[in-house]
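Undergrad: From first to last, the protein sequence lines are chains A and B.
Position 202, counted from 1, in the first sequence is what our numbering calls 202; the numbers after and before it change by one each time, with no gaps.
Position 79, counted from 1, in the second sequence is what our numbering calls 1079; the numbers after and before it change by one each time, with no gaps.
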Amino acid sequence: MWSYVLKRAGTTAVTLLAASVIIFAFIHVVPGDPIYVLLGDTATPDQIDALRHQFGLDRPIIVQYLTWVGHVLEGDLGRSIFFQAPVLSVIADGAETSALLATMTMIWVTIIGVPIGMIAAVRHGTWLDQGLSGGAMLMASIPTFWVGLYLILIFAAWLGWFPSSGYPSIFEGGGAANLRYLVLPSLALAAPNAALILRLTRASMLDVAREDYVRTARAKGIRPWQVVRRHILRNALLAVVSAFGFTFAALLSEAVVTETVFALPGIGRLVVQSILRRDYPVIQGVILVIVVVYLLVNLIVDLSYRLLDPRVELQ
Amino acid sequence: MRHDGAILWLKPFVARPIALAGLGILLATVLAAAFAHWLAPYDPYAIDPMIRLTPPNAAHWFGTDQFGRDTLSRVIQSARMALLIGSGVVVFALATGVPIGVLSALFPRLGHVLMRMVDVLMAFPALLLALGLIVILGPSVANAILAIGVGYMTTTTRIVYGLTLRLRAETYVEASRSMGAGTLWLIGKHILPNLVSPLLVQASFVFAFAQLGAASLDFLGLGAPPEIPSWGNMLAESRTFITRAPWLLFFPGMMIVATAFSLNLVGDALRDRLDPRFRQVFGEKG
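(1) Candidates ARG59/A, THR216/A and ILE152/A: which alpha carbon is nearest GLY160/A's?
(2) Residues in its own chain within less than 7 Å of LEU1270/B by CB, not counting five upstream and five downstream?
(3) Of the residues GLY174/A, ASP207/A and VAL87/A, which one's Cα is nearest the Cα of VAL72/A?
(4) Excluding sequence positions up to five away, which residues of its chain have a Cβ less than 6 Å from the Cβ of GLY1286/B?
(5) I need the DSSP call for THR1154/B, collapsed to helix, strand or coil.
(6) In three-state terms, what does DSSP make of PRO265/A?
(7) Answer yes or no: do PHE1251/B and THR1064/B have a C-beta to C-beta separation smaller than 8 Å?
(8) May I ask which residues mark the beginning and end of the alpha helix (DSSP H) holding GLU1237/B?
(9) Tell me the DSSP secondary structure of ARG215/A in three-state form.
(10) Got a sec: which bits of the region 288-306 of chain A sit with their beta carbon under 7 Å from any beta carbon on chain B, in order along the chain?
(11) Whose C-alpha, out of VAL1091/B, LEU1133/B and ILE1047/B, is nearest the C-alpha of VAL271/A?
(12) Assuming contact is defined by CB atoms lying nearer than 8 Å, are ASN1233/B and ALA1245/B in contact in what I supplied?
(13) Are the CB atoms of THR258/A and ALA195/A nearer to each other than 8 Å?
(14) Please tell me whether ILE1256/B has its Cβ less than 8 Å away from any Cβ of chain A.
(15) Tell me which residue opens and which closes the alpha helix (DSSP H) that ASN1194/B is part of.
(16) What's the C-alpha gap between ALA1032/B and LEU1248/B?
(17) Which same chain residues, not among the five before or five after ALA249/A, have their C-beta less than 6 Å away from its C-beta?
(18) From ALA1181/B to THR1157/B, what distance separates their C-alpha atoms?
(19) Cβ of LEU314/A less than 8 Å from any chain B Cβ?
(20) Flag this pair as yes or no: are the beta carbons of PHE262/A and LEU184/A separated by less than 8 Å?
(21) Buried or exposed: GLN315/A, going by 16 or more other Cβ atoms within 10 Å of its Cβ?
(22) Where does ARG1002/B land, buried or exposed, given buried means 16+ other C-beta within 10 angstroms?
(23) Could you tell me which residues DSSP puts in a beta bridge with ARG79/A?
(24) Relative to chain B, which residues along the region 244-256 of chain A have a C-beta separation below 8 Å, given in chain order?
(25) Can you give the beta carbon distance from LEU251/A to ASN298/A, rounded, assuming they're within the 8 Å contact cut?
(26) With 8 Å set as the bound, which would you pick, yes or no: does the beta-carbon of ARG1069/B sit closer than that to a beta-carbon of chain A?
(27) Looking only at C-alpha atoms, which of ARG1074/B, VAL1089/B and LEU1026/B sits nearest to TRP1038/B?
(28) Grouping DSSP H, G and I as helix and E and B as strand, with all else coil, what is ASP1308/B?
(29) In chain B, which residues lie with their C-beta within 8 Å of the C-beta of LEU182/A?
(30) Is any beta-carbon of chain A found at less than 8 Å from that of THR1183/B?
(31) Does DSSP classify THR258/A as helix, strand or coil?
(32) Locate the alpha helix (DSSP H) running through ARG1109/B, then write down its first and last residues.
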């Protein structure tokens, strides 16, 4: 087990290292020299050279890369051109919103996707199953921002049940009640992902139902719902757990759009605004943070999969 | 499976009316794009401030937008952009994914390096990768195709790699090789023909998700330039008027859903007629 953990952690570290080269290169291939952005058009060649030297941009690229990695490991992701503040603190400001949005979304995905997927599998082949599976495919074909705009129109503008945009921190006035600002965004974000989990739960339950031990259990005369609960569901959910990894990744991507629709002060909206402001250090920092989170989540999912299912072959 | 004709391709659709409906919607979209000039009742660019934000009526079935432009005409015109982006992304994903996947499977040493590079690209969530590329390349239609395409290049490469590994281990491929067949012969005679059906499945899913990706980029203002009518751009513009003019939100969104849903239905139907050995290479996500 431990050798597997080490090996898997090693692969993650190598992938992260390779990804870091791409992320480092990003700032060097974006149009426009960062020095010109800082100094403006009126800078003299001497000023440019001086600043270039000050930032270490005149050193060999490999030295620049290693210096950058060193700074990143110390938690220094550079300075935001727009905010005139460390990138890490700019990202940290958006972290609460994004983390809570992701958590609420995952809760919706689980409580909507898994049970309905189970119902579809148990009623396999019936009209109910076809309706639910078809409905799930429809949900997976709807852009999240469109769902979001409709939720705003219906539940915020017409019914007035939920706020339409923004999110004050739960640590400010209002406390946990501020979570109501995240209800509509998390539902919009959950829609396509719950649909994927629904289809996966259904498919993996149908797979497990074909196993010999399920037939044996049935032959022994165990009540049908007991077979579903103890023999099929438990094993089928393993595949669902591993899918939470890529669901989380899809969620990080789609949050960019959802946070923009609902004007949430999260990391996703920060990326879009930084792109429009040409604040490259922030874009670079966010990409790095999201890749690290994504790789870590995948690592944890893989390892927990191994813990949950002793049959998984160690490689 | 190389020798089945059009009849066999249609079989999964006849058995499943809803997939046939999907095929019909796609055909309608293609026709709308091809004959946009004849089908559109008005000039999609014509501005008329007198009739701005008119709800759907007999003269303007889908209403008009904030400049008094006819929504139906713009929705029809936008089908062109949808097909252009979708087919562009599919062509890019296949043109890069197939060679990389096949060569990686046939030459394990090269494959080890290439597949690790694919893994690294897959560490970037798709939309984030697309946004990063747009920042470097600048927003335009061609760059949107490229930015979305890179994300699907990786999944296509993985699938082609998995399929080619399976095919390489087949007895007839081994036999052919032991009789002295060269690599090019193997690829042309045994590998590529067998990849056609699974790639058709992959292409329909990629086309579907490219629609959603392009709509997201347009919505963020980082896709097709705002002066080009596209369903995503129309939705982005409608945002300001959602309470005053909800029809502006409804029609372009419905078109995105209809095309993406149809493509998913078609992909699903094609997948179910696929060789069972290949089916498991496709995850639920396509």
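We treat Cβ as the ideally placed atom computed from N, Cα and C, and that holds for glycine.
TA: Looking at the atomic coordinates:
(1) GLY160/A has its Cα closest to that of ILE152/A, out of ARG59/A, THR216/A and ILE152/A.
(2) PRO1012, LEU1200, VAL1201 and SER1204
(3) Ranking the options by Cα distance to VAL72/A, first place goes to VAL87/A.
(4) Per-residue confidence for GLY1286/B stands at a pLDDT of 33, beneath the threshold of 50, marking its modelled position as unreliable; the derived number appears in the next sentence. The residues are PHE1205.
(5) helix
(6) Taken through DSSP and simplified to helix, strand or coil, PRO265/A comes out as coil.
(7) no
(8) 1231-1238
(9) helix
(10) Among the residues of the region 288-306 of chain A, those with a Cβ less than 7 Å away from any Cβ of chain B are ILE290, VAL291, TYR294 and LEU295, in the order of the chain.
(11) LEU1133/B
(12) no
(13) no
(14) Interface flag for ILE1256/B against chain A is set, since a Cβ pair is found closer than 8 Å.
(15) 1192-1219
(16) 19 Å
(17) TYR294
(18) 25 Å
(19) Confidence in LEU314/A is poor, its pLDDT being 46 and thus under 50, which makes the residue's placement unreliable; the coordinate value appears in the next sentence. Judged by the 8 Å Cβ criterion, LEU314/A is not in contact with chain B.
(20) yes
(21) For GLN315/A, the pLDDT reaches just 40, beneath the cut-off of 50, and the residue's location in the model is therefore unreliable, although a value from the coordinates is still provided. Exposed.
(22) Only weak support exists for where ARG1002/B lies, its pLDDT of 49 falling under 50; the value from the coordinates is given anyway. Result: exposed.
(23) Partner(s): PRO86/A.
(24) PHE246, ALA249, ALA250, LEU252, SER253, GLU254 and VAL256
(25) 13 Å between Cβ atoms; not a contact.
(26) no
(27) ARG1074/B
(28) Nothing can be reported for residue 1308/B: it is not among the residues displayed for chain B, which extend from 1001 to 1286.
(29) Near LEU182/A there are no residues of chain B at all, since even the closest Cβ is about 20 Å away, more than 8 Å.
(30) no
(31) helix
(32) Taken as a continuous stretch (DSSP letters only), the alpha helix (DSSP H) holding ARG1109/B covers 1108-1122.
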